[in-house]
Amino acid sequence: MSGKAAGKVTGLQISPWNLVLLVPLLMLVTPWFNFDKPRLLGLPFFYWFQFLFVIVGVVSVAIVFVATKGKPVVKGKPDRLGDQLDEGEA
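In structure tokens:
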């Protein structure tokens with residue numbers, strides 16, 4: 001038999017909502033937006049587009065937070081790390 005209990009998922013679990021956090025990383029591809037025009041309130045496109053991506057990043061994190069905050073956290077599970085502190089065993 002395997003060491004797993006039937007019906008319980010163990011190990012690393014990743015929510016598909018976390019993929020939304022990849023969207024702000026698109027800002028790192030600067031050749032996509034390294035332009036002077038169009039300007040917005042006198043700011044070159046490069047700068048106001050970066051500022052727009054700050055807002056996109058905040059919205060992305062908020063979406064992932066709201067979508068995943070209802071996931072239950074496994075509690076009451078025994079700690080798998082041994083408690084082998086050098087406290088002396090008298």
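Residues in the sequence shown are numbered from 1 upward in steps of one, following the UniProt record's numbering. Where a beta carbon is used, it is the ideal one built from N, C-alpha and C, also for glycine. Everything numeric in this text was worked out from a predicted model, so none of it was measured.
Cutoff 7 Å: residue i Cβ touching any chain D Cβ
i, result
"valine 56", "Protein chains in the displayed structure number just one, and chain D is not present."
Which listed residue (the options) has its alpha carbon closest to that of residue i
i, options, result
"glutamine 50", "Ile14, Val20, Thr68, Phe33", "Phe33"
Whole-angstrom distance between residue j and residue i, CA atom to CA atom
i, j, result
"valine 29", "phenylalanine 46", "12 Å"
"phenylalanine 53", "asparagine 18", "17 Å"
"alanine 62", "lysine 69", "10 Å"
"proline 38", "alanine 67", "35 Å"
"valine 58", "isoleucine 14", "20 Å"
Whole-Å CB distance - residue i paired with residue j, under 8 Å assumed
i, j, result
"residue 91", "valine 20", "With the chain covering only 1 through 90, there is no way to say anything about residue 91."
"proline 24", "serine 60", "6 Å"
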